[in-house]
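Mapping of the sequence shown onto numbering that gives the first Met the number 0: position 275 corresponds to residue 274, and the numbering continues sequentially without gaps.
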Amino acid sequence: MSAIRVENLCCTYGANTPFEQHAVKNVSFEIERGDFIGLIGHTGSGKSTLVQMLNGLIKPTSGKIYVEDNDIWSEPKNIRNIRFKVGLVFQYPEYQLFEETVEKDIAFGPSNMGLSVEEIENKVKNAAKFVGLSDTLLKKSPFDLSGGEKRRCAIAGVIAMDPDILILDEPTAGLDPVGRDVLLSQIAQYQKAKNNTVILVSHSMEDVARVTDKVMVMNKGQLKMFDKTDKVFSRCDELNEIGLRVPQITKVTDALKNKGFDIPEGILTVDKAVHVISELLKKEGKL
Ligand SMILES: Nc1ncnc2c1ncn2[C@@H]1O[C@H](COP(=O)(O)OP(=O)(O)O)[C@@H](O)[C@H]1O
Ligand SMILES: [Mg+2]
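Given below as structure tokens:
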């Protein structure tokens, strides 16, 4: 059974007005349970619209979305339940914090799920741990947190609902490089520990290359590619054509390969490149 499947999904904003905008055009795909997916594409390519449709916040203009084989719009009055199953962390989620304490903010989602006080407490604790928020921070006002901590608090609020599918829309945007690295590692650890389906929307090819198994590429509302991460990043020319790029390390190793060095295509991380190049040097007796 797939975690999520979409068929011929379309979303048009302002239909039949001068502002008509076809944000998502005829997109179909299937995501397996436990997949860690990267979603990349230019600003305006339809990524945020697509992920908001996946958790029922935006109703598609046409097309179907199946979560565990159930059409999510078959009973529109139950659409709220989909938001517990498919958790979405918005772009810049820190603007949506509103409770008196961090703890209460994280508890907001689970409190609406009909759970006992103990269960809610447990979920809040676990979620805070996953995103690295210490117990002392839980009692503070979310408005007294740093930018990075606010972001973590908002992510914890979605994780606390224990969604089967977690979608993060540009979770590292606007954070400093260290903050980005730490948060990305925590998301990767969460995905490994829970073996959940995770969709990571990102502008950073390096981030996507580092943590995801598969990549979707959106361009002008269409799904252009959907394949294993190394396969997608070995299509350097096609990505360049739509104004995207491969990770820098992939560019370097592909250039070496084109010069005749015996190294594989689509190397995604600096660590892997170091390994492959040192092996090659050893083989040639140069190391
Ligand atoms: N609420 C909205 N009303 C009208 N147009 C919108 C709205 N949200 C997004 N759009 C338009 O839809 C297209 C896709 O936007 P979006 O899904 O936000 O893309 P991305 O997340 O890839 O930047 C863009 O042209 C954008 O201007
Ligand atoms: Mg967006």
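Just so you know, even glycine gets a beta-carbon here, dropped at the ideal spot from N, CA and C.
Bear in mind that the values here come from a model prediction, so they are computed numbers and not experimental data.
The DSSP-derived three-state label of V251 is helix. Put simply, the stretch 81–98 touches the stretch 153–167. At least three CB pairs are less than 8 Å apart. In the DSSP annotation of this structure, the continuous segment of the alpha helix (DSSP H) that includes D206 starts and ends at M204 to V210. Between the stretch 53–60 and the stretch 2–18 there are three or more inter-stretch CB-CB distances shorter than 8 Å, so the stretches are counted as touching. Every residue whose beta carbon comes nearer than 5 Å to a heavy atom of ligand 1 appears here in chain order: Y12, Q20, A22, T42, G43, S44, G45, K46, S47 and T48.
With respect to the 8 Å criterion, V200 and E169 are classified as neighbours on the basis of their beta carbons. Note that the stretch 66–73 does not touch the stretch 226–239; fewer than 3 beta-carbon pairs, one per stretch, sit closer than 8 Å. Linking E237 to K223 through their CA atoms gives a straight-line distance of about 10 Å. DSSP, reduced to helix, strand and coil, places L222 within a strand of the structure shown. In the DSSP annotation of this structure, the continuous segment of the beta strand (DSSP E) that includes F35 starts and ends at F35 to I39. Cβ atoms of T196 and R32 come within 8 Å of each other, at about 6 Å.
Taking the Cβ of D168 as the reference point, at least one heavy atom of ligand 2 falls within a distance shorter than 7 Å.
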